[in-house]
Amino acid sequence: MKRIFLATVAALVVIVSASAQRLADVRAEATIITDKMIAELGIGPGYRNSILNINLAYLNSINSYRDIDSYGWERRNREIRRYLSPGQWRKYCNTYYFYRPIGWQNRAYVHHIYRRYPTCRPGYHHRPRYDRGHGHHRPRFDKHHGRPGKHDRGYGRPGKHHKHDRGYGRPGKHDKHHKHHGRHDKHGKHHKHGKHDRD
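Heads up: the sequence shown begins at 701 in my numbering, then just goes up one per residue.
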């Protein structure tokens, strides 16, 4: 009986720790997206907290790849548009890592803001170095935030097996959420997107 109790407590500790880490990761990503939006789109700093909360709510609502461009994404765009001028809105829609911050490629999440700004990824400056001269292979890192790992279920959650994110380069040709910027926005307007920003 005591063993069952201890096992239950240990499981709860793991679940709570994983949940807290996920929220921290989501908040870090939402903060980076927001700060880059403020800087690149020329948004007034007085709107920062409002836009941060919008981005945070969207990222936190993603529990599977189906949530990437569902109602939460549409609502995010509607709310953000309220704070942008027509010119800022066009630039926002044409900047893939703002308009679609999360993609889905090869059964893995793609964090477009970290592909555009890889040095902003949490843990980027703390990765271990390996001696290439002795045949050491670079380990695979967790596709979300650079930590070693190979499991995922939902946005930043451990569980199901998935393939790993293909590095920090530009979005791949199979990222269905990245290449369809010309689709009709469900808010009633069709946006034609230009070429993606380059690193």
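Virtual Cβ for every residue (Gly too), placed ideally from N, Cα, C.
Taken atom to atom, the span from the alpha-carbon of A808 to that of I762 is near 13 Å. In this structure, I754 sits near E779, with a CB-CB distance shorter than 7 Å.
V726 is a Cβ neighbour of L759, given a cutoff of 7 Å. Comparing C-alpha distances from R776 to each of I738, P801, Q805 and G742 shows the shortest one belongs to P801. Here G746 is exposed. Its C-beta has fewer than 16 other C-beta atoms within 10 Å. Its Cα nearest to that of T731, the residue N749 stands out among N749, G772, G803 and R816. Sequence-distant partners of Y797 (beyond 5 residues in either direction) whose C-beta falls short of 6 Å from its own C-beta, in its chain, are H812, I813 and R816. Check the Cα spacing between Y771 and each of L784, A757 and Y783: the tightest is with A757. Taking the Cβ atoms as the reference, I743 lies roughly 7 Å from Q788, within the contact range of under 8 Å. Boundaries of the beta strand (DSSP E) around G803: I802 to Q805. If the five residues before and after K791 are omitted, its C-beta is found closer than 8 Å to the C-beta atoms of E740 and L741, all from its own chain and listed in chain order. Scanning K736, N794 and W804 for the CA closest to the CA of R766 turns up W804.
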